[in-house]
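Taking my numbering, the leading residue of the sequence shown gets 60, the next gets one more, and so forth. Where is the CB? At the ideal position from N, CA and C, for every residue including glycine. Bear in mind the structure is a predicted one, so any value in this text is a computation, not a measurement.
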Amino acid sequence: PLLSICTGLAFCSTTFKLVPNYWYANILSIMNLLCGLAGCWVVLAGHPLVYALGLVFLGQFLDLFDGRAAERWGSTPKGEIFDDVADGTSFGLTTGLIAAASFTNLWVGIVLGCVYIGATVYRLIRFVVEKRKQGILGGVSTFSGMPSPAAALMVGTTCVLIANDAASGIIIALTALLMVSRMPYAHFGRSILPKIPKVVRVLVLGAFLFLLALGIHRDHYTVPLILSFVPAMGYLASPLFGLITRKRVA
Numbered sequence: 060p061l062l063s064i065c066t067g068l069a070f071c072s073t074t075f076k077l078v079p080n081y082w083y084a085n086i087l088s089i090m091n092l093l094c095g096l097a098g099c100w101v102v103l104a105g106h107p108l109v110y111a112l113g114l115v116f117l118g119q120f121l122d123l124f125d126g127r128a129a130e131r132w133g134s135t136p137k138g139e140i141f142d143d144v145a146d147g148t149s150f151g152l153t154t155g156l157i158a159a160a161s162f163t164n165l166w167v168g169i170v171l172g173c174v175y176i177g178a179t180v181y182r183l184i185r186f187v188v189e190k191r192k193q194g195i196l197g198g199v200s201t202f203s204g205m206p207s208p209a210a211a212l213m214v215g216t217t218c219v220l221i222a223n224d225a226a227s228g229i230i231i232a233l234t235a236l237l238m239v240s241r242m243p244y245a246h247f248g249r250s251i252l253p254k255i256p257k258v259v260r261v262l263v264l265g266a267f268l269f270l271l272a273l274g275i276h277r278d279h280y281t282v283p284l285i286l287s288f289v290p291a292m293g294y295l296a297s298p299l300f301g302l303i304t305r306k307r308v309a
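What follows is the structure, encoded as structure tokens:
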């Protein structure tokens, strides 16, 4: 698996040198879309759900940079559509299938998976419509409602890590509700990540990649999943922390 990842990165590096700069963001979005489609196939083919979740993780990594690439090098007129379709596929459809397949009662899983997918699609459409109404051309620092990548991380890790239908159902329903809500969520890449010291970022990333590589070698992913689940839960509750902080200051 590590050799495949390195080969893929080398291929991407070569590809980016052969295309115009304004296509960089679209390529990242298309790669995110491919991750989502591959994740759907993994679930529908009956393979372990953790493999599909890994593809969602990869899509989140690509999604972290496509917006910045568009701001730096520009994009095509349909670039925003590429991004939305990719996000809807990876963070909506794939994650919804993971949720549906994780339940002991398939019909309960299908209903909750559909609820989650519907909330994701609504969240993405609302974001684009409101952004255009406000005339915002670049990115935003705060989201209205939980962003779909974070929701996918929350739901995906829950369904793979927690073997309890009741707990998973509550978290899926809560995440879907927060996506369509008006709760303010800070943009991770623009508002949270820059505040973290580079040394801490490098150490955390290095430790996570080491544990992930170890998990791939042993085909056992509990530790990386826990390390993903904990910050996802913290981000889910972050508006509450912000409200408490503002009340204390006031």
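**Item:** Opening and closing residue of the alpha helix (DSSP H) in which T148 lies
**Value:** Here T148 belongs to no alpha helix (DSSP H), and DSSP marks it neither H nor E.
Notebook entry, point to check: CB-CB under 7 Å to L291, same chain, minus the five flanking residues each way: which ones, in chain order?
Noted result: First, the amino acid is wrong: residue 291 is Ala here, not Leu. Cβ within range, chain order: A209, L212, M213 and T216.
- Message: So, with DSSP's three-state summary, where would you put T216?
- Response: helix
If the criterion is Cβ atoms closer than 9 Å, does the pair A245 and F202 meet it? yes
For this session: Would you mind working out which of V144, A104, V101 and A159 sits nearest I86, comparing C-alpha positions?
Result: V144
DSSP three-state assignment for Y280, whether helix, strand or coil
coil
Checklist entry - If we call anything under 9 Å between Cβ atoms a contact, is S149 one with L92? => result yes
Problem - Complete beta strand (DSSP E) runs within the region 232-256 (minimum length 3 residues, chain order) - result: 243-245
* Assigned secondary structure, S207 (DSSP; H/G/I helix, E/B strand, else coil) -> helix
Just to check my reading of the structure: V115 and T154 have Cβ atoms closer than 8 Å, yes? What is that Cβ distance to the nearest angstrom?
6 Å
TODO: Count the other C-beta atoms from every protein chain shown that fall within 10 angstroms of the C-beta of L183, then say buried if there are 16 or more, exposed otherwise.
DONE: buried
* Asked: F202 by DSSP, collapsed to three states: which one?
  -> strand
- Tell me whether A159 sits in a helix, a strand or coil according to DSSP, three-state version. helix
From which residue to which residue does the alpha helix (DSSP H) around G172 run?
-> L165 to K192
- prompt: How many Å lie between C173 and L273 at the Cα?
  reply: 34 Å
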